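What follows is a short report on a single structure.
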Amino acid sequence: MSEIPPSHRPAEPACREGPARTVEETAALLRQLIVAHSDAMYRYAYRLTGQSADAEDLTQQAFLLAQQKLHQLREDDRAAAWLFAIVRSCFLKACRKRQQLAPAAEWNLDEIADESPEIDHVDQEKLSKALAELPDEFRVVVLMFYFEDLSYKEIAEQLELPIGTVMSRLSRAKSHLRRRLAEDTRPPHESAVRSPLSEHASPSRM
Amino acid sequence: MTASKSYRREIDACRPGSNDLDLPELAELARAVADDPRVAKALEASHASDIALCDGLQDVPVPSGLADRMLAAVEAATKAAQLAASEADGDATVALPPAAAESPAAPSRSRRAWLIAVPALAASLALGLAVVFWQQSEPRRVSQAELASLVETWYQQAQQRQGWTTSIDRATAEQFPVDSSVLLARPVAQRTISAASAGEAVAYELRRADRKAVLLVVRTRDHYDVAPLPSTNRPLGMVTGNKKVAAWQSGSLLYVLVVEANQGSLRDFIRPRDLT
Chain A
71 MSEIPPSHRP
81 AEPACREGPA
91 RTVEETAALL
101 RQLIVAHSDA
111 MYRYAYRLTG
121 QSADAEDLTQ
131 QAFLLAQQKL
141 HQLREDDRAA
151 AWLFAIVRSC
161 FLKACRKRQQ
171 LAPAAEWNLD
181 EIADESPEID
191 HVDQEKLSKA
201 LAELPDEFRV
211 VVLMFYFEDL
221 SYKEIAEQLE
231 LPIGTVMSRL
241 SRAKSHLRRR
251 LAEDTRPPHE
261 SAVRSPLSEH
271 ASPSRM
Chain C
15 MTASKSYRRE
25 IDACRPGSND
35 LDLPELAELA
45 RAVADDPRVA
55 KALEASHASD
65 IALCDGLQDV
75 PVPSGLADRM
85 LAAVEAATKA
95 AQLAASEADG
105 DATVALPPAA
115 AESPAAPSRS
125 RRAWLIAVPA
135 LAASLALGLA
145 VVFWQQSEPR
155 RVSQAELASL
165 VETWYQQAQQ
175 RQGWTTSIDR
185 ATAEQFPVDS
195 SVLLARPVAQ
205 RTISAASAGE
215 AVAYELRRAD
225 RKAVLLVVRT
235 RDHYDVAPLP
245 STNRPLGMVT
255 GNKKVAAWQS
265 GSLLYVLVVE
275 ANQGSLRDFI
285 RPRDLT
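Chains as they are written, first to last, in the working numbering: chain A, 71 to 276; chain C, 15 to 290.
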């Protein structure tokens, strides 16, 4: 298993030195970023951590880090992507610090790839539970796909992982979510079948 | 489904409304989609699930007052840093032996204290006034329904022939930048539009081959209830006519892409962000 590397740095997308700003400009920009992006960052943080209190802590941590690194933000247009990367980086750092990255074996994809139940309605409770069942490495990848709108290739670059690993994790994570969300449409005996991922369940808490 | 099974991993890697099928790792899938209707159907179903999942993941209630708490936290951090800096500065300046510092005949310390205290007080006052001023002119939160109504007004202006110019002037391009990593087409014409209290605004005409779109860019202090990144999966609803609208806000810039149904689709103009 390849772990998320410690060398992964926050805010890679716009990490080079940005334009020189006065103290007032910096403060104003930060306020703008908070007003414009705090909701989106919180939503991302909530899906990463699974807890509202942890999500708010993570969001605050990310904005405090953004405040320190604001000089690195070169283009306001990329602020959202930059902030998403900081939230993710703070989350991964917390995981590493507390050694909570769950061991995630690379299961044989064929075990879970032969069905793809369609989803027309998302039950929030089931979704939260299914996300919590995912090992951190899988949850991060699938949330980067859905929240940050990154391609598998970009995810691989950001996490410094092989493309094949990212594609596998993405497929398994999505398969797990689809399966869990579709369970209510199945007969009870089938719903009770455990996902291959569930035995490794270890939702992260900040 | 055997066809989709063999491509499951590739299908799951492909984002709806993206050009991911052009990526080398998905070339085989792209060929299979073209040749095998079962694979094409599996990809379509996967994208439908992706859209539902993406919407479901975004559906997170945000605690009230979150932005205010974030602002307070960074203000507090700023003040703490300023205080630490001024204390460090003061310590370096003082550098007196304890006996001298305790001596009653030490007027220089008193002067130093005033020299530090007065600007600090003035700075605190200015900061307080700034916070009060900022709070009084707090940006509004604008719902999607309100935005849809605004878009109708802005787009009507953009449809008038007069006012358009085919040269994109530098000042406008700098004030209302178009991120080429987000959009597949460059502006070929521009005109200013009146966005009233929403802020300053400009309309760009985008062209890509025979397809055409209008991009409205509004510089605003308000916070619109739209995603920070454009997506073809979640077009803005509640707009009239046969147009598709995607809206996103990046910092102080609100972007609204309008494509008439007979002139192309959103995915003709929006591409996955290239962050590298």
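Note that beta-carbon positions come from the ideal geometry of N, C-alpha and C, so glycine has one too. Computed from a predicted structure; not experimentally measured.
CA nearest to the CA of residue i, picked from the options
i              : options                           : result
R144 (chain A) : C:Q158, C:P191, C:D236 and C:G255 : C:P191
V105 (chain A) : C:L43, C:L85 and C:S63            : C:L85
A353 (chain C) : C:E39, C:C68 and C:I25            : The structure shown does not extend to residue 353 (chain C), since chain C is modelled only from 15 to 290, so the question has no answer here.
L243 (chain C) : A:F154, A:R158 and A:S122         : A:F154
P77 (chain C)  : A:R113, A:A151 and A:T119         : A:R113
A115 (chain A) : A:Q131, A:D219 and A:K139         : A:Q131
A136 (chain A) : C:E89, C:L268, C:A215 and C:P75   : C:E89
Y238 (chain C) : C:Q176, C:A261, C:D224 and C:R222 : C:A261
A210 (chain C) : C:V272, C:S63 and C:Q171          : C:Q171
K226 (chain C) : C:F283, C:S181 and C:R155         : C:F283
S157 (chain C) : C:P38, C:L230, C:A212 and C:P30   : C:A212
I65 (chain C)  : A:K244, A:E253 and A:R250         : A:K244
V270 (chain C) : C:L97, C:W168, C:T180 and C:R175  : C:W168
A202 (chain A) : A:K163, A:L247 and A:H107         : A:L247
R222 (chain C) : C:Y21, C:V240, C:L97 and C:A199   : C:A199
Q96 (chain C)  : A:I225, A:V93, A:R242 and A:C165  : A:V93
M111 (chain A) : C:G31, C:A241, C:A187 and C:L164  : C:A241
K196 (chain A) : C:R22, C:L67, C:A215 and C:A91    : C:L67
A56 (chain C)  : A:P187, A:E224 and A:P232         : A:P187
Any chain A beta carbon closer than 8 angstroms to residue i
i              : result
E274 (chain C) : no
R281 (chain C) : no
Q189 (chain C) : no
H61 (chain C)  : no
R29 (chain C)  : yes
P242 (chain C) : yes
P249 (chain C) : no
R23 (chain C)  : yes
A91 (chain C)  : yes
I284 (chain C) : no
Q263 (chain C) : yes
T107 (chain C) : The predicted position of T107 (chain C) is uncertain, since its pLDDT is 44 and thus under 50; a value taken from the coordinates is nonetheless stated next. No, T107 (chain C) lies away from the interface with chain A (no Cβ there is under 8 angstroms from its Cβ).
A54 (chain C)  : no
D50 (chain C)  : no
E42 (chain C)  : no
S100 (chain C) : no
D34 (chain C)  : yes
Any chain C beta carbon closer than 8 angstroms to residue i
i              : result
E195 (chain A) : no
M214 (chain A) : no
I233 (chain A) : yes
Q130 (chain A) : yes
P189 (chain A) : Rather than Pro, the amino acid found at residue 189 (chain A) in this sequence is Ile. Interface residue, yes.
I156 (chain A) : no
E126 (chain A) : yes
H141 (chain A) : no
K244 (chain A) : yes
E269 (chain A) : Any reading at E269 (chain A) needs caution, since the residue's pLDDT is 39, under 50, leaving its predicted position unreliable; the model's value is listed next. For E269 (chain A), the answer is no, since every Cβ of chain C falls outside 8 angstroms of its Cβ.
Q121 (chain A) : no
S159 (chain A) : no
V19 (chain A)  : Absent from the structure is residue 19 (chain A), since the part of chain A shown begins at 71 and ends at 276.
A110 (chain A) : yes
Coarse secondary structure for residue i, derived from DSSP in three states
i              : result
D26 (chain C)  : helix
L118 (chain A) : helix
H246 (chain A) : helix
T234 (chain C) : coil
E42 (chain C)  : helix
V74 (chain C)  : coil
V273 (chain C) : strand
W262 (chain C) : strand
R52 (chain C)  : helix
L204 (chain A) : coil
T92 (chain A)  : coil
R155 (chain C) : strand
L268 (chain C) : strand
L229 (chain C) : strand
N33 (chain C)  : coil
T167 (chain C) : helix
T180 (chain C) : coil
I65 (chain C)  : helix
I104 (chain A) : helix
I284 (chain C) : strand
Anticipated Cβ contact below 8 angstroms, residue i with residue j, distance rounded
i              : j              : result
L35 (chain C)  : V47 (chain C)  : 7 angstroms
A258 (chain C) : S279 (chain C) : Per the sequence presented here, residue 258 (chain C) reads as Lys, with Ala not at that position. Indeed, because the Cβ distance is near 6 angstroms, the residues count as touching under 8 angstroms.
Can you list, in chain order, the stretches of the beta strand (DSSP E) that have 3 or more residues and sit fully within the segment 131-162 of chain A? Segments of the beta strand (DSSP E) lying fully in the segment 131-162 of chain A: there are none.
Continuous alpha helix (DSSP H) assignments of at least 4 residues falling wholly in the segment 187-224 of chain C: If you keep only unbroken alpha helix (DSSP H) runs of at least 4 residues inside the segment 187-224 of chain C, you get nothing at all.
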